[in-house]
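Notes follow once the structure below has been shown.
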Amino acid sequence: MTTDLRIGVVGAGLMGADHIARITDRISGAVVSAVVEPDQGRAQAAAANAPGAASFARIEDAIAADAVDAVLIAVPGQFHEPVLVPALGAALPILCEKPLTPDSASSWAILELEQTLDKPHIQVGFMRRFDAEYAALRALVESGESGELMMLRGVHRNPSVPDSYTQKMLITDSVVHEFDVVPWVAGSPIKTVEVKFPRRNSLSPAHLREPILVLMELENGVLVDVEMNVSVQFGYQVATEAVFERGLARIGQPSGLQTWRDGSFSVSDHLSFTTRFAAAYDAQIQRWVNAVQAGDLVDGPNAWDGYRVALACEAGVQALDGGIIPVEAPDRPAFYA
Ligand code: ISE
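In terms of the working numbering, the sequence shown opens at residue 6 and continues consecutively.
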């Protein structure tokens with residue numbers, strides 16, 4: 006029998022607290038052994054879901070105390086690098102919430118540091134790859150059963166966002182997911198990114214100009230459009246229609262109990278990504294734990310994928326000011342083959 010993997014969760018905000026509860030309640034082969042969170046209130050609230058976990062203010066302290074076998078990073082992206090560096094220094098397996106880091110230069114520096122180890126240690130938390138419907142769509146593309154893929158037409162809608170959400174975050178916090186999952190589904194990297202602005206939603210926060218329409222051309226000629234909308238008010242939706250030579254496919258449609266009453270028909274929809282992707286988060290973490298236990302360390306998007314997404318985000322942010330912006334990447338280091 007293998008012993009439980011001792012995970013140190015860094016950050017006990019929305020995602021960190023969600024992951025702590027998930028590991029304790031639903032993931033096998035792992036325990037939360039440490040919560041790294043300087044905010045005492047958050048740390049205590051999270052500790053209630055992590056019986057026996059030690060509390061630390063800094064990842065360095067958890068490592069020095071030999072309290073963790075692996076690290077799950079769930080602090081905001083601008084704080085990833087100061088956690089990644091000591092965790093890599095201790096050769097610990099890492100699951101890092103998206104983005105890897107906020108820009109391609111710092112992501113590249115992380116890649117260089119990781120390459121001093123024997124093999125990749127970082128998995129990036131692009132959970133959509135673990136959503137059953139996204140995986141089925143990718144399999145359909147690969148099978149060729151419906152002919153070649155020609156277009157992907159997506160929507161990414163949030164009911165609202167906090168005041169701290171900036172214009173740039175439409176790309177770096179939200180479209181960042183499409184920048185990972187679209188090439189994965191379509192089997193081709195992003196060649197260019199463009200952003201179009203429809204009429205502004207008067208219900209958007211005053212500092213945001215949105216929704217936006219993000220257009221991508223992939224190297225294989227597939228065209229992609231994504232409505233990125235963070236003020237839809239009614240709920241949370243991530244859905245895609247794929248247009249093939251001989252048919253269509255749809256994922257992300259509302260499903261579950263359908264009711265008819267008083268002359269109306271309804272199906273409930275999600276309000277947040279935490280429920281929309283709950284099963285995907287579970288699968289992501291279980292597969293990561295299994296990979297670490299097996300000595301493989303990564304089973305999903307790696308740091309190279311995170312770097313490519315950082316390049317696409319830079320193009321996307323530039324595209325907010327107009328133009329069709331190319332995404333250019335160096336050759337993939339053999340380490341990530
Ligand atoms: C949030 O940070 C996420 O990662 C969600 O998946 C995304 O839908 C949302 O727009 C982001 O703000």
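For every residue, glycine included, the Cβ atom is placed at its ideal position computed from N, Cα and C.
If you measure from the CB of residue i, is any heavy atom of ligand 1 nearer than 7 Å?
i, result
"PHE278", "yes"
"ASN54", "no"
"ASP178", "yes"
"VAL235", "yes"
"HIS182", "yes"
"HIS161", "yes"
Closer than 6 Å by C-beta to residue i: which residues in its own chain qualify, once you throw out the five before and the five after it? Chain order, please.
i, result
"VAL198", "MET221, ALA320, GLY321, ALA324 and ILE330"
"PRO107", "GLY82 and GLN83"
"ASP74", "LEU10 and ARG11"
"ALA92", "VAL76 and ILE99"
"ASN54", "ILE25, ALA26 and THR29"
"GLY152", "PHE249, GLU250 and ARG251"
"GLN289", "MET132 and PHE135"
"SER33", "none"
On the three-state DSSP scale, how would you describe residue i?
i, result
"ASP168", "coil"
"HIS275", "strand"
"LEU262", "coil"
"GLU246", "strand"
"GLY13", "strand"
"ILE217", "strand"
"ALA334", "coil"
"ILE32", "coil"
"GLU222", "strand"
"ARG133", "helix"
"LEU325", "coil"
"ALA254", "strand"
"GLN238", "coil"
"GLY340", "Note on identity: in this sequence residue 340 is Phe, with Gly being the wrong assignment. Helix at PHE340."
"VAL314", "helix"
"ASN206", "coil"
"VAL303", "coil"
"ASP287", "helix"
"VAL227", "coil"
"GLN120", "coil"
Distance check for residue j and residue i, CA to CA, integer angstroms please.
i, j, result
"ALA96", "ILE68", "11 Å"
"GLN120", "VAL231", "34 Å"
"ARG281", "VAL36", "24 Å"
"ILE25", "VAL14", "7 Å"
"MET233", "VAL187", "14 Å"
"THR171", "ALA211", "11 Å"
"GLY149", "LEU228", "17 Å"
"ALA296", "LEU145", "26 Å"
"HIS126", "ASP178", "23 Å"
"GLN298", "THR7", "8 Å"
"ARG205", "VAL181", "22 Å"
"ASN225", "SER193", "6 Å"
"PRO338", "LEU89", "19 Å"
"MET20", "SER269", "36 Å"
"SER209", "GLY240", "14 Å"
"GLU183", "ALA342", "22 Å"
"LYS201", "LEU175", "13 Å"
"GLY327", "SER169", "24 Å"
"ILE64", "GLY300", "22 Å"
"GLU333", "CYS101", "24 Å"
"ASP287", "SER277", "16 Å"
"GLY57", "ALA22", "15 Å"
"GLY261", "PRO164", "20 Å"
"LEU213", "HIS161", "16 Å"
"GLN242", "ARG31", "25 Å"
"ALA62", "LEU302", "26 Å"
"ALA110", "SER271", "48 Å"
Leaving out five residues on either side along the sequence, give the residues of the same chain with a beta carbon under 7 Å from the beta carbon of residue i.
i, result
"SER60", "VAL40, ALA48 and ALA52"
"PRO203", "PRO216 and LEU218"
"LEU105", "HIS85, SER112, ILE115, VAL129, ALA308, GLY311, TYR312 and ALA315"
"GLU246", "ARG158, LEU253 and ARG255"
"LEU154", "VAL146, ALA191, VAL227, ALA247 and PHE249"
"ARG266", "none"
Determine whether the Cβ of residue i lies closer than 8 Å to any Cβ atom of chain B.
i, result
"ALA50", "Chain labels in this structure do not include chain B; a single protein chain is all it has."
Keeping to the same chain, check which residues put their C-beta closer than 8 Å to that of residue i; ignore five residues upstream and five downstream.
i, result
"GLY46", "none"
"LEU122", "LEU93 and ALA96"
"LEU142", "VAL190, THR245, ALA247, ALA254 and ILE256"
"GLU138", "ILE256 and GLY257"
"ASP304", "GLN128, ARG292, TRP293, ASN295 and ALA296"
"LEU223", "VAL187, PRO188, ALA191, SER193, PRO194, ILE195, LYS196 and VAL229"
"SER273", "PRO259, GLY261 and LEU262"
Segments of 3+ residues assigned as beta strand (DSSP E) that fall wholly inside the segment 36–115: 59–61, 75–78 and 99–102
Every unbroken beta strand (DSSP E) within the segment 145–203, with a cutoff of 3 residues, ordered by chain: You should have 154–162 and 195–201.
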